[in-house]
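Written below as structure tokens is the structure these notes are about.
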Amino acid sequence: MTTNSLAPIVTLLQQRAAISSEWMNEVLRVWMRMYPGLVNEDELRRQADALLKELAKLFSEHSGETPPDIGANSALGEIARELSADRAKKGFKPADTAQYVIALKNVLTQHLVSTLNETPASLTLCLRAVDGVLDRLSLLTFEAFVETRERVIAQQSLSLVELSTPVILLWNNVLLLPLIGVIDTVRARQLTERLLESITKYEASVTLIDVTGVPVFDTSVAWHIMKTIDAAQLLGSRIVMTGISPEGAQTLTKLGISFANVISRATLRAGLAEALQLVGRRIESTGGVHK
Amino acid sequence: MKIPILRLGKILLSSIQVDLTDADAMQFQNDLVNKIAEMEALGIVIDITSLEVVDSFMARVINDTAGMARLLGAEVVICGVQPYVAMTLVEMGRDLIGVDCTFNLDQGLEIIKERIGMRGDATMIEGEG
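Okay, here's the thing in structure tokens:
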């Protein structure tokens with residue numbers, strides 16, 4: 000027992016074909032139902048094989064007094080990472096991805112219990128080792144899963160930033176900045192820069208900021224808009240805010256934000272009328288046909 | 000108890016005549032704000048002649064409602080603030096900033112019409128029909 004108390008696990012893992020098929024049956028039963036068309040069975044079996052091989056190596060190298068440790072950069076960690084990154088991209092649920100490792104643990108535990116029920120001490124030791132390693136493994140899979148998801152999200156927000164924020168010259172000296180979507184720090188800076196450039200270029204004395212397309216107002220969104228407004232006012236442009244929803248107005252007021260030095264109008268239509276009045280213009284009916 | 004909100008052209012008119020519970024006050028605020036947005040009101044007049052006392056919550060509701068209405072593009076006039084109410088409001092440091100106050104509804108309507116008349120959207124859009 001001193002040579003390697005984890006020998007039963009190694010022996011078990013060497014019957015790779017049997018373990019693998021039992022394990023895959025378990026996993027595939029769920030996945031085939033949940034993700035039909037996304038599961039490549041051959042690929043999955045190959046991956047399982049590689050994972051089991053690495054696991055056997057890991058257990059044979061450890062004598063069992065201290066539970067084997069898997070670093071994130073070890074071969075095993077690498078495999079786990081690759082697996083769950085792939086799953087994350089394909090849109091698997093996190094729980095189902097974790098299920099993969101847990102299924103293996105179940106299979107191994109069952110086998111160990113049935114082979115070692117004569118020697119409880121050895122069984123305890125082996126179970127603890129299997130538990131430790133596979134728990135760590137499932138944490139790694141989970142981590143990799145989240146990492147991949149986060150990367151996807153980061154990419155998406157990047158493409159959102161690149162969605163242009165146009166500054167429109169509505170009339171002589173009147174600019175329109177239609178805001179759409181969530182305003183975060185990066186976008187806010189970008190659109191402020193662009194707006195200020197345009198204000199200077201066109202000498203806009205009135206700037207309309209339309210927030211009809213901003214879904215939620217929180218402190219940070221309001222703060223960013225306020226900074227943009229302040230900067231525009233420093234250049235000498237007057238600001239007309241339009242399109243604040245009733246919910247938006249309530250939130251802003253509760254946050255203590257009043258946009259005190261800004262004219263606010265319910266709709267872009269009303270805002271445009273106000274802006275035109277500020278630059279001394281008006282729209283009049285010509286008595287045309289299309290009324 | 001629901002406070003009625005009356006429509007007078009593009010102006011909303013509301014009169015608070017009884018002491019409101021906190022829940023009623025919030026309900027009133029919510030109703031008013033939604034109504035303003037729904038009909039694109041150009042102004043609101045809130046009459047509080049019958050209100051003898053206000054507590055800090057009510058003062059805040061009045062103030063907040065005025066702020067929300069402004070964000071939604073409506074002018075705000077409060078009329079009929081009673082002496083005691085005025086004192087409470089001032090003592091609580093909650094003067095109604097940026098809100099015109101008048102003695103009675105008559106003057107309130109006059110002032111709000113004048114203020115609306117100065118706005119670009121009122122003259123232009125109403126003219127457009």
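As they're listed, the protein sequences go chains A and B.
Numbering that gives the first Met the number 0 applies: residue 0 is where the first sequence begins, and numbers increase by one.
Numbering that gives the first Met the number 0 applies: residue 0 is where the second sequence begins, and numbers increase by one.
Just so it is clear, CB atoms sit at the ideal spot from N, CA and C, and this is done for glycine as well.
Residue i: contacting residues in chain B (beta-carbon distance under 8 Å)
i, result
"A:S244", "A36"
"A:F216", "The contacting residues do not exist; A:F216 stays about 10 Å from chain B at best."
For residue i, the first and last residue of its enclosing beta strand (DSSP E)
i, result
"B:V98", "Premise fails: B:V98 is in no beta strand (DSSP E) and is neither H nor E."
"B:V75", "E74 to C78"
"A:R44", "Unbroken run through A:R44 is the alpha helix (DSSP H), E40 to E60; no beta strand (DSSP E)."
Sheet register partners of residue i (DSSP bridge)
i, result
"A:P177", "A:D209"
"A:R264", "A:T241"
"B:I10", "B:L7 and B:G42"
"A:I167", "A:L175"
For residue i, the three-state DSSP class (helix, strand or coil)
i, result
"B:D46", "strand"
"A:I238", "strand"
"B:I15", "coil"
"A:R280", "coil"
"B:L108", "helix"
"A:P119", "helix"
"B:R118", "coil"
"A:G286", "coil"
"B:G128", "Because the pLDDT at B:G128 is just 46, under 50, the model does not fix this residue reliably, and the value given afterwards should be weighed accordingly. Of the three classes helix, strand and coil, the one that applies to B:G128 here is coil, per DSSP."
"B:E113", "helix"
"A:S137", "helix"
"A:K226", "helix"
"B:V52", "coil"
"A:D68", "coil"
"B:T20", "coil"
"A:M0", "Confidence at A:M0 is low in this model, with a pLDDT of 41, below 50, so its placement is unreliable and the value that follows should be read with caution. If DSSP states are grouped into helix, strand and coil, A:M0 belongs with coil."
"A:L37", "coil"
"A:G255", "coil"
"A:I8", "helix"
"B:K1", "coil"
"B:N33", "helix"
"A:S204", "coil"
"A:G270", "helix"
Neighbour list for residue i in chain A, Cβ cutoff strictly below 7 Å
i, result
"B:N33", "P245"
"B:R118", "E273"
Under 9 Å by beta carbon: chain B residues contacting residue i
i, result
"A:A248", "V32, I35, A36, G66, M67, A68, R69, L70 and L71"
"A:A221", "Those within 9 Å of A:A221 in chain B number zero; the least Cβ separation is about 11 Å."
"A:I251", "Looking at the sequence shown, residue 251 of chain A is not Ile but Leu. Ordered by position in chain B, the residues that pass the 9 Å Cβ test against A:L251 are G66, M67 and L70."
Assumed close pair residue i, residue j - CB separation to whole angstroms, cut-off 8 Å
i, j, result
"A:L178", "A:T206", "A:L178 to A:T206, Cβ: 12 Å. No contact."
"A:F144", "A:A87", "5 Å"
"B:F56", "B:G79", "The Cβ separation is near 20 Å, so there is no contact."
"A:V75", "A:L136", "Here residue 75 of chain A turns out to be Leu, not Val, going by the sequence shown. Yes, they are in contact, since the Cβ atoms of A:L75 and A:L136 sit about 7 Å apart, within 8 Å."
"A:G210", "A:I243", "First, the residue type needs correcting, since residue 210 of chain A is Val and not Gly in the sequence shown. That pair is a contact at about 6 Å."
"A:Q276", "B:G8", "A:Q276 to B:G8, Cβ: 20 Å. No contact."
"B:T87", "B:V53", "6 Å"
"A:T108", "A:V129", "6 Å"
"B:L41", "B:A121", "6 Å"
Contact list for residue i against chain A, beta-carbon separation under 8 Å
i, result
"B:M123", "A272, L275, Q276, R281 and I282"
"B:E39", "A265, T266 and A269"
"B:D46", "None at all; the shortest Cβ gap to chain A is about 21 Å."
Residue range of the unbroken alpha helix (DSSP H) whose run includes residue i
i, result
"B:D63", "S55 to L70"
"A:T184", "T184 to Y201"
"A:S20", "R15 to M33"
"A:I214", "The sequence shown places Pro at residue 214 of chain A, rather than the Ile named in the question. Here A:P214 belongs to no alpha helix (DSSP H), and DSSP marks it neither H nor E."
"A:T114", "P93 to T114"
"A:K89", "A74 to K89"
"B:A85", "P82 to E90"
Contacts of residue i in chain A (Cβ-Cβ under 9 Å)
i, result
"B:D63", "Q249, T252 and K253"
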